[in-house]
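Residue numbering for the sequence shown follows the numbering used here, beginning at 10 and increasing consecutively. Cβ atoms here follow ideal geometry from the backbone N, Cα and C, with glycine treated the same way. Since the model is a prediction, treat every value here as computed from it, not as a measurement.
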Amino acid sequence: MSLKLGDIAPDFEQDSSEGKIRFHEWLGNSWGVLFSHPADFTPVCTTELGLTAKLKDEFAKRGVKAIALSVDPVDSHHKWIEDINETQNTVVNFPIIADADRKVSDLYDLIHPNASDTLTVRSLFVIDPNKKVRLTITYPASTGRNFNEILRVIDSLQLTDNHKVATPGNWQDGDEVVIVPSLKDEDEIKQRFPKGYRAVKPYLRLTPQPNR
Numbered sequence: 010m011s012l013k014l015g016d017i018a019p020d021f022e023q024d025s026s027e028g029k030i031r032f033h034e035w036l037g038n039s040w041g042v043l044f045s046h047p048a049d050f051t052p053v054c055t056t057e058l059g060l061t062a063k064l065k066d067e068f069a070k071r072g073v074k075a076i077a078l079s080v081d082p083v084d085s086h087h088k089w090i091e092d093i094n095e096t097q098n099t100v101v102n103f104p105i106i107a108d109a110d111r112k113v114s115d116l117y118d119l120i121h122p123n124a125s126d127t128l129t130v131r132s133l134f135v136i137d138p139n140k141k142v143r144l145t146i147t148y149p150a151s152t153g154r155n156f157n158e159i160l161r162v163i164d165s166l167q168l169t170d171n172h173k174v175a176t177p178g179n180w181q182d183g184d185e186v187v188i189v190p191s192l193k194d195e196d197e198i199k200q201r202f203p204k205g206y207r208a209v210k211p212y213l214r215l216t217p218q219p220n221r
């Protein structure tokens, strides 16, 4: 069965480019981004891992750890990392899981019969500090992932976890947010949103973004 939003991300122990990983222990109290790759030395994924390395500071300020996965062994990962560092002008600064026995791939349903019997599909999971899956996206092999969108979603999740708001379409950090429809008490609304709000419709109330 595939993982659903709100499910606990399966724990595992597996080799990686940075040694043995016990996933829940490695994640600790951080948010996590786990993303899979069909194989080492693939062109699109080479650019993606380079982007992830360059975004280390952006992930860090959000309390996020990144971890990648492919079914190739550790020695292959190390050779691929050399290529990534060279071609993407960066230094890979996160682990790549060596899922040679496909243990993690099976746990996270990363091997789809319609894609391949042996290679992982290009899926990405955002996992919160409670180890719950908060976002899943699966991309086709031809399309590189948009890591600015991943950061945007994490910003939204962290904001909406702490305030009774939701974020509208195309929202960016700093934009207006939506007061959740379940919040009806005007006194509580004034307390929570001292800058006020505008009611476009009774169910669509927009307010300046609270501090995260």
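query	result
For Pro219, the nearest candidate out of Leu192, Val187, Tyr212 (CA to CA)	Val187
Same chain, Cβ closer than 6 Å to Lys74, five either side skipped, listed in chain order	Ser39, Gly41
contact_flag[the region 72 to 87, the region 99 to 111] where n(CB pairs < 8 Å) is 3 or more	yes
Sub-8 Å separation of Leu12 and Tyr148 beta-carbons	no
Cα-Cα separation between Arg221 and Pro203, rounded to whole angstroms	15 Å
Beta-carbon proximity list for Ser165, same chain, < 7 Å, skipping 5 on both sides	Thr176, Trp180
Host beta strand (DSSP E) of Lys74 (start-end)	73 to 79
Span of the beta strand (DSSP E) around Ala107	105 to 107
Opposing strand residues paired with Ser208 [DSSP bridges]	Correcting the residue identity first, residue 208 is Ala in this sequence and not Ser. Ala208 is bridged to Arg214.
Per-residue DSSP class, three states only, for Phe44	strand
Thr147 (DSSP reduced to helix, strand or coil)	strand
Burial state of Ala208, where buried means 16 or more other Cβ atoms lie within 10 Å	exposed
Boundaries (first-last residue) of the beta strand (DSSP E) holding Arg131	131 to 136
Nearest-angstrom Cα separation, counted from Leu168 out to Phe156	18 Å
8 Å Cβ cutoff met for Pro47 and Arg154	no
Backbone secondary structure at Ile188 - three-state DSSP	strand
Selected residue, minimal CA-CA separation from Lys193, among Lys173, Asp182, Gly183	Lys173
Assigned exposure category for Asp66 - 16 Cβ within 10 Å defines buried	exposed
Under the three-state DSSP convention, the category Lys173 falls into	coil
Status (buried if at least 16 other CB within 10 Å, exposed otherwise) for Ser25	buried
Rounded distance between the beta-carbons of Thr96 and Ala62, thought under 8 Å	12 Å between Cβ atoms; not a contact.
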